[in-house]
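Residue numbers (my numbering), protein chains in the order written: chain A, 149 to 329; chain B, 149 to 329. From the three backbone atoms N, C-alpha and C, an ideal C-beta is built for every residue, glycine too. Heads up: the structure comes next, in C-alpha cells.
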DNA sequence: GTCTATAAGACGATAGAC
DNA sequence: GTCTATCGTCTTATAGAC
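In C-alpha cells:
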C-alpha cells in the first residue's frame, strides 16, 4: 500500500510524457528523465533500449485508437457528432497523449511514416465534411476538428489538466456549430 | 537582378523558420541551418551570436503584434469578429511565425517569461468571452480561438502553405459560430 | 563575410561491477 | 535492477586565417 505506485518502467513513461509535453521530445534528454526519476541514465536504458522506444511506447495505444477511428470514419457512416465526440474523448484521456504528435514538430519528424498520421488526419477530415465537399468546403471540417482537438487541449490546460464538468458537451456543441452553418 | 534575393542574414532567418516548423527548434541544429544555407556553421555565427538569437529575431515582430492585440482586447471593446479576424490574419501571414510558439514545446520552454505569452493568451480568451463569463463559459472562447489559430494553420498546411480564396471568410464564420450559439 | 580548426560540453548509448 | 565509468558523436560556440 504505502508504495510509490507501479514499476519503474511505468514511472519512466509517466515522467517522459510530462517532460515531452513541457519541453518537447528533442528538447528532453535521457538525463532529464533519469534526473526526475531519481536515478541514472543507465537505469533508464535498462528498461528501454533507446530514447525513441520511450516515445513509441507512449504513442502506441493512442495512435492505434486514432487509426481505428480514422478507418471507421471512412468505412461506416459515422455521424459528425460521433466522430467529434470520440476526438474530444481521446484528447481528454489523461492516459493518452494524442496531443503530442500534433504539438511537437520534433515528434512528427521522428516517426513520419511510422503510422502515416497525416493520412489518418485526412481521413477524419473527409469523414467530417459533407460527401463530395472540396476546396473551401473542407474548411469547416478543419474548423470543427480544431475545436475538438486544440480547443479541448486548451480548455484542459486552463483547468489544471482536466476537463471541467459540462465542458465536453460545450466543446462538442461548439465543434458542431463550427461544422454546420 | 540575377541575385539570390537579400542578405545572408535574411536567408538564415527564412531557412531557420522553415526548419523550426519542420523539425522544431530543439530538433534543428546550427549545422542543419548552415547546410541548407550552403555555408559553414561559423558563417551563421557571424550573423547571430547564438542560436537563441535566431529564434528571437524570428519571433520579435509576431510576438509584438500579438501583444498589441491582447492589449487592445482588454482596453478597447473589440468585437469578437475583429479579434478573430486579426488572429486569422496573423496566423496566415507568411512573414509571421505566430504558430511557432504554440506548436513547439521546445520554444515555449525557451522563452517562457520572455514575452509572457500565456498571459496574452488569457487576455485574448477573456476578450472573446462574454463579460463575466467564467468556468465552462470560457469554453466557447477557447473553441473560437482554436478555429482561428489551429484551424487556419491546418487549412494552410492542407493547401501548400497558403490560404485559399474564401477560406478566411469561412474560418471567421466558423469561429463566430463556435463562439456564439 | 566566410573559411578551417578546435574547444568544451551535452547527448545517446554501452560495458561491466554489484 | 541499478550503479560507475566510459565511448563516440553531435552540439553550441569561439579563435584566428584569408
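Chain A within 7 Å of residue 298 of chain B, Cβ atoms only: Interface annotation, residue 298 of chain B: in contact with chain A, CB-CB separation under 7 Å.
Touching by the beta-carbon criterion (3+ pairs, under 8 Å), the stretch 279-290 of chain A and the stretch 317-328 of chain B: Yes, since at least three Cβ pairs between the stretch 279-290 of chain A and the stretch 317-328 of chain B fall closer than 8 Å, the two stretches touch.
Per-residue burial, residue 151 of chain B [other beta carbons within 10 Å of its own, 16 or more giving buried]: Residue confidence is low: residue 151 of chain B scores 47 on pLDDT, short of 50, so the model does not pin down where it sits. Its coordinate-derived value is still stated next. Within 10 angstroms of the beta-carbon of residue 151 of chain B lie fewer than 16 other beta-carbons, which makes it exposed.
Minimum Cβ-Cβ distance from residue 164 of chain A to chain B less than 7 Å: Not an interface residue.
Residue 239 of chain A, buried or exposed, once every other Cβ within 10 Å from all chains shown has been counted against 16: Counting other Cβ atoms within 10 Å of its Cβ, residue 239 of chain A reaches 16 or more and is therefore classed as buried.
Interface partners of residue 318 of chain A on chain B, CB under 7 Å: Within chain B, the residues near residue 318 of chain A are 284, 287 and 288.
Partners in chain A for residue 312 of chain B, counting only beta-carbon separations shorter than 9 Å: Neighbours of residue 312 of chain B in chain A, taken as residues at a C-beta separation under 9 Å, are given in chain order as 283, 284 and 287.
Contact the stretch 207-221 of chain A vs the stretch 287-296 of chain B: 3+ CB pairs below 8 Å: As far as the Cβ criterion goes, the stretch 207-221 of chain A does not touch the stretch 287-296 of chain B, which means the pair count is below three.
Candidates B:323, B:256, B:324 and B:300: closest to residue 200 of chain B by CA position: If we check each option's Cα against that of residue 200 of chain B, B:256 comes out closest.
Where residue 276 of chain A falls: helix, strand or coil (DSSP): Judged by DSSP in its simplified three-state form, residue 276 of chain A adopts helix.
Beta carbon proximity, residue 274 of chain A to chain B, threshold 7 Å: Not closer than 7 Å to any Cβ of chain B, the Cβ of residue 274 of chain A fails to qualify, so no.
C-beta contact flag for residue 188 of chain B and residue 182 of chain B at 7 Å: Taking the C-beta atoms as reference points, residue 182 of chain B is found nearer than 7 Å to residue 188 of chain B.
Contact with chain B by residue 167 of chain A, beta-carbon distance below 7 Å: No, residue 167 of chain A does not count as interfacial toward chain B.
Partner residues on chain A for residue 303 of chain B, Cβ-Cβ distance less than 7 Å: Residues of chain A passing the Cβ test: 287 and 290.
Within-7 Å CB hit, residue 150 of chain A to chain B: The predicted position of residue 150 of chain A is uncertain, since its pLDDT is 37 and thus under 50; no value can be drawn from it.
Cross-chain neighbours of residue 170 of chain B in chain A, by beta carbon under 9 Å: The answer, in chain order, is 253, 256 and 257.
Chain-order list of residues whose beta-carbon lies under 7 Å from that of residue 149 of chain A (same chain, five-residue window excluded): Any reading at residue 149 of chain A must be qualified, since the residue scores a pLDDT of 44, below 50, and its modelled position is unreliable; the value itself is stated next. Excluding its 5 nearest sequence neighbours in each direction, residue 149 of chain A has no C-beta neighbour in its own chain below 7 Å.
Chain-ordered chain B contacts of residue 321 of chain A [CB-CB under 8 Å]: Near residue 321 of chain A (Cβ distances below 8 Å), the residues of chain B are 329.
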